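Only one structure is covered here, and it is reproduced in the block below.
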Amino acid sequence: MLTPELSPPASGSDAAAPSPPIDIDSTGGIEWDRARQMIVARENARAVRGDLTVTADVLTAFYRQKPDGSAEVYRLDAAGRVNIVTPTQTATSDAATYDMVSTQLTLTRAPKGERVKVVSGDGVITADERIDYNRTTRVMVAHGNAIAAQPQQTLKGDVITAHLRENSGGKAGSRGQFQQVDAEGNVDATTPDERIIADRGSYFGDSDTAEFTGSVKIFRDESVLDGCRAEFDLASGFSKLLPCANATGKKARVRGVIVPTPKSS
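For reference, each letter of the sequence shown is one residue, going 1 to 265 in UniProt numbering.
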């Protein structure tokens with residue numbers, strides 16, 4: 001195992017303790033290019049820093065000199081079968097870049113690769129293109145046919161922005177993984193009883209409610225309702241559909257086709 005001491009040192013008498021060093025190991029060897037200030041680990045490569053573990057086919061750590069003569073790792077790139085593990089999340093992708101200063105993680109998919117995926121407790125977010133996640137703000141943005149799923153709920157959209165809870169690795173079966181999830185473009189959501197199509201949609205974890213706006217359609221069995229805004233209380237099963245306003249500001253009618261469910265024999 002190679003343990004380059006590349007963490008930023010504390011400065012000043014009241015400075016916080018230095019960040020932990022990054023430990024790098026692999027089965028195919030490690031290259032340390034001092035001229036280009038980078039370390040490359042190949043084959044079954046692994047990097048560990050604090051509570052973050054990254055494994056991949058190839059790992060590249062970039063570092064820079066500080067004014068006091070020490071060095072710090074500021075970026076870690078991973079390529080090929082990337083797996084990232086923290087105490088509360090697990091992520092998989094074809095490639096990844098982690099900015100260690102801003103704590104910004106970007107996961108990307110190869111042209112013919114598997115969907116990018118992040119698991120946080122019972123919550124799962126996947127995307128066709130990429131997922132950006134800031135470990136400090138706990139905000140995740142998924143791009144390209146994105147899906148946010150948790151028990152009995154899914155929310156799909158072109159772009160999904162999820163705000164994760166501080167304890168988002170909580171107990172199995174809880175609905176508390178997402179504090180809020182916003183979906184934009186081609187929104188398609190499912191609950192145990194309905195399917196909702198809209199332009200925009202949001203889920204609010206504290207109240208266990210959801211709302212949808214713009215060309216809203218609600219499907220339940222063979223019944224269909226059309227409106228401009230829908231509100232759902234997922235805990236009680238209560239929902240409300242509101243009409244659109246026309247050019248004069250008057251509300252249009254909410255429309256729907258209600259098909260009775262046949263009794264089971």
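Each residue gets a CB set at the ideal place from its N, CA and C atoms; glycine is no exception. From a predicted model like this one, the values you see are computed outputs, not experimental measurements.
**Request:** Check whether the segment 104 to 119 touches the segment 149 to 157, taking contact to mean three or more Cβ pairs, one atom from each stretch, closer than 8 Å.
**Result:** no
**Request:** On a CA-only basis, which of Arg34, Asp33, Ala35, Ile39 is nearest Ile24? Give me that one, please.
**Result:** The residue labelled residue 24 in the question sits at position 24 within the sequence shown. Checking every option, the nearest Cα to that of Ile24 belongs to Ile39.
**Item:** Ile93 versus Val58 - alpha carbon distance
**Value:** By 1-based counting over the sequence shown, the position of residue 93 is 93. By 1-based counting over the sequence shown, the position of residue 58 is 58. Note on residue identity: the sequence assigns Ser, not Ile, to residue 93. The straight-line gap from Cα to Cα measures roughly 13 Å.
**Cβ neighbour criterion (16 or more within 10 Å) applied to Asp182** = By one-based count along the sequence shown, residue 182 stands at place 182. With 16 or more other Cβ atoms within 10 Å, it is buried.
**Request:** Can you check DSSP and say which residues form a bridge with Ile218?
**Result:** Numbered from 1 along the sequence shown, position 218 holds the residue referred to as residue 218. Paired residue(s): Ile196, Leu225.
**Asked** Is the beta carbon of Thr213 less than 8 Å from the beta carbon of Cys228?
**Response** Numbered from 1 along the sequence shown, position 213 holds the residue referred to as residue 213. Numbered from 1 along the sequence shown, position 228 holds the residue referred to as residue 228. Yes. Within cutoff.
**Asked** Can you tell which of Asp128, Tyr98, Tyr74, Gly185 has its C-alpha closest to the C-alpha of Asn83?
**Response** Sequence index remark: in the sequence shown, residue 83 carries index 83 (1-based). Comparing Cα-Cα distances from Asn83 to each of Asp128, Tyr98, Tyr74, Gly185, the minimum goes to Tyr98.
**Item:** Best match in Leu242, Tyr63, Arg195 for proximity to Ser223 [C-alpha to C-alpha]
**Value:** Along the sequence shown, read from residue 1 onward, the residue named residue 223 stands at position 223. Checking every option, the nearest Cα to that of Ser223 belongs to Arg195.
**Message:** Can you find the residues in the same chain that come closer than 6 Å, C-beta to C-beta, to Asp188, ignoring five residues on each side of it along the sequence?
**Reply:** For the purposes of this step, residue 188 is identified with residue 188 of the sequence shown, where counting begins at 1. Result list for Asp188: Lys156, Ile197, in chain order.
**Message:** Considering only DSSP beta bridges, list what Ala235 is partnered with.
**Reply:** Residue numbering aside, residue 235 sits at position 235 when the sequence shown is read from its first letter. Partner(s): none; Ala235 has no beta bridge.
**Item:** Arg49 and Ile22 closer than 8 Å at C-beta
**Value:** Residue numbering aside, residue 49 sits at position 49 when the sequence shown is read from its first letter. Residue numbering aside, residue 22 sits at position 22 when the sequence shown is read from its first letter. Yes, these two residues count as a Cβ contact at 8 Å.
**Item:** For Arg135, the first and last residue of its enclosing beta strand (DSSP E)
**Value:** Position 135 of the sequence shown holds residue 135. Element bounds for Arg135: n/a, residue is neither H nor E.
**Request:** Return the chain-ordered list of same chain residues with a C-beta closer than 6 Å to the C-beta of Gly144, the five sequence neighbours on each side being excluded.
**Result:** For the purposes of this step, residue 144 is identified with residue 144 of the sequence shown, where counting begins at 1. Excluding sequence neighbours, Gly144 sits near Ala127, Asp128, Glu129.
**Prompt:** Which one or two residues does DSSP pair with Ala35 in a beta bridge?
**Reply:** In the sequence shown, counting from the first residue as 1, residue 35 sits at position 35. Its beta-bridge partners do not exist; DSSP assigns none.
**Message:** Please state whether the Cβ-Cβ distance between Arg135 and Leu105 is less than 8 Å.
**Reply:** Position 135 of the sequence shown, counted from the first residue, corresponds to residue 135. Position 105 of the sequence shown, counted from the first residue, corresponds to residue 105. Their beta carbons are under 8 Å apart, which means Arg135 touches Leu105 by this criterion.
**Message:** Using a Cβ-Cβ cutoff of less than 6 Å, which residues in the same chain neighbour Val141 once the five nearest sequence positions on both sides are dropped?
**Reply:** Here residue 141 corresponds to residue number 141 of the sequence shown, with the count starting at 1. Excluding sequence neighbours, Val141 sits near Asp132, Thr161.
**Request:** Name, in chain order, the residues that DSSP records as bridge partners for Glu184.
**Result:** As a working note, residue 184 is residue 184 in the sequence shown. According to DSSP, which records beta bridges pairwise, Glu184 is partnered with Val159, Arg200.
**Message:** Taking its Cβ as the centre, do 16 or more other Cβ atoms sit within 10 Å of Val73, making it buried, or is it exposed?
**Reply:** Indexing the sequence shown from 1 puts residue 73 at position 73. Answer is buried; the Cβ neighbour count reaches 16.
**Prompt:** Is DSSP giving Glu43 helix, strand or coil here?
**Reply:** To locate residue 43, count along the sequence shown from 1; it is residue 43. The answer is strand: DSSP assigns Glu43 an E or B state.
**Request:** Would you identify the three-state DSSP class for Gly69, choosing helix, strand or coil?
**Result:** Working through the sequence shown from its first residue, we reach residue 69 at position 69. If DSSP states are grouped into helix, strand and coil, Gly69 belongs with coil.
**Request:** Under 8 Å by Cβ, that's how I've got Ala230 and Glu211 pegged, so tell me the actual separation to the nearest angstrom.
**Result:** One-based indexing of the sequence shown puts residue 230 at position 230. One-based indexing of the sequence shown puts residue 211 at position 211. With a Cβ gap of about 7 Å, Ala230 and Glu211 count as contacting.
**Asked** Three-state secondary structure (DSSP) at Lys112?
**Response** Sequence index remark: in the sequence shown, residue 112 carries index 112 (1-based). Lys112 falls in the coil class under three-state DSSP.
**Prompt:** For Glu184, which option in Asp226, Gly201, Ala45 has the closest C-alpha, if you only look at C-alpha atoms?
**Reply:** Counted from its first residue, the sequence shown places residue 184 at position 184. Comparing Cα positions, the closest option is Gly201.
**Message:** Taking only three categories from DSSP, how would you classify Gly80?
**Reply:** In the sequence shown, residue 80 corresponds to position 80, counting from 1. In this structure, Gly80 counts as strand in the three-state DSSP scheme.
**Asked** If Ile125 sits next to Ala146, beta carbons under 8 Å apart, how far is it from one beta carbon to the other, in whole angstroms?
**Response** Indexing the sequence shown from 1 puts residue 125 at position 125. Indexing the sequence shown from 1 puts residue 146 at position 146. About 7 Å; that satisfies the 8 Å criterion.
**Asked** What's the call for Pro20, buried or exposed, on a 16-neighbour Cβ count within 10 Å?
**Response** As a position in the sequence shown, residue 20 is number 20, starting the count at 1. The residue in question, Pro20, is exposed, as its Cβ has fewer than 16 Cβ neighbours within 10 Å.
**Prompt:** By Cβ distance below 7 Å, which residues in the same chain neighbour Ala172 in space, the five residues on each side in sequence not counted?
**Reply:** Translated into the one-based positions of the sequence shown, residue 172 becomes position 172. At Ala172 the pLDDT is 39, less than 50, meaning the model places this residue with poor confidence; the figure from the coordinates comes in the next sentence. Only Asp122 meet the Cβ criterion.
**Asked** Name the DSSP beta bridge partners of Arg49, please?
**Response** Residue 49 sits at position 49 when you count from the first residue of the sequence shown. Partner(s): Leu52.
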